[in-house]
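Enquirer: Take this structure, written in structure tokens, and hold onto it; I'll ask about it next.
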Amino acid sequence: NINISSANVFDGEPYLAVNPVNPNNMIIAWMGFALGNGLHVSIKTETSFDGGLTWGNLVAHPHFASTYTSADVSMAFTNNGVVFMSYVDWRQSPDSGGVYVTHSVDGGNTWTTPVQAIDLYTDYPKMPLDRPWIVADNSSSATSGKLYITTKPAPTVPAPNRPYLISSVDSGLTWSPFRYIDTT
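Letter 39 of the sequence shown, counting from 1, is numbered 41 in the working numbering, and no numbers are missing.
Rendered as structure tokens:
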């Protein structure tokens with residue numbers, strides 16, 4: 003039982019990823035309060051290189067506007083040890099933001115500038131930015147290395163709602179147009 007966040011206020015919805023190249027390298031990400039221009043939730047990460055015995059290198063991931071807040075982090079390692087992380091960064095009223103993706107090639111010590119994978123207005127008014135989940139194709143097939151994200155409309159959006167799928171073939175630099183998962 004190690005208190006990784008050491009915070010006095012809400013830190014929640016953690017996500018843990020283990021590097022398949024080096025199982026002693028673990029990264030934990032969570033939603034944590036960030037003080038600054040008001041009180042906003044930011045995605046924070048810490049890394050371990052000794053199998054979780056010690057943790058360090060706290061990173062608070064950036065917002066894309068001072069009024070944005072973050073949520074719903076997920077991570078996926080590729081077979082070569084690169085980790086990709088997706089999270090929501092958005093503002094409600096007026097609505098703006100989307101799902102963003104960043105990656106690290108050094109076990110979570112440093113991260114690239116996040117790229118927007120899907121915009122809140124992509125299928126407006128459905129707002130496909132809730133609960134994004136990222137996975138990497140680690141197969142030996144022709145699609146090896148491809149990234150996929152599923153997401154859904156916000157819970158406040160009236161039905162009917164459909165799940166979304168987007169993909170990237172260039173390590174998350176660009177993302178395909180969305181498609182509904184429940185189509186052929």
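Note that the Cβ used here is the ideal one computed from N, Cα and C, for glycine as well.
Bear in mind that the values here come from a model prediction, so they are computed numbers and not experimental data.
Beta-carbon separation of Tyr89 and Asp74 under 9 Å?
Expert: In this structure, Asp74 lies closer than 9 Å to Tyr89 by Cβ.
Enquirer: Taking the CB atoms as reference points, tell me whether Ser72 and Ile30 lie closer together than 9 Å.
Expert: Taking 9 Å as the Cβ cut-off, Ser72 and Ile30 do not qualify as a contacting pair.
Enquirer: Using 8 Å as the threshold, is the stretch 96 to 114 in touch with the stretch 140 to 148, meaning 3 or more CB pairs across them?
Expert: With a cut-off of 8 Å, the stretch 140 to 148 and the stretch 96 to 114 do not count as touching, because too few Cβ pairs lie within range.
Enquirer: For Pro157 and Tyr166, I'd like the C-alpha separation in whole angstroms.
Expert: Rounded to the nearest angstrom, the two C-alpha atoms are 14 Å apart.
Enquirer: Gly100 lies in the beta strand (DSSP E); which residues open and close that run?
Expert: Start and end: 98 to 106.
Enquirer: What's the C-alpha gap between Arg164 and Val171?
Expert: Whole-angstrom Cα-Cα distance: 24 Å.
Enquirer: Assign Ile183 to one of three DSSP states: helix, strand, or coil.
Expert: Of the three classes helix, strand and coil, the one that applies to Ile183 here is coil, per DSSP.
Enquirer: Can you tell me which of Tyr126, Arg93, Ser76, Tyr150 puts its alpha carbon nearest to the alpha carbon of Leu175?
Expert: Answer by Cα proximity: Tyr150.
Enquirer: Is it the case that the Cβ atoms of Ile136 and Phe86 are separated by a distance below 9 Å?
Expert: Contact: yes.
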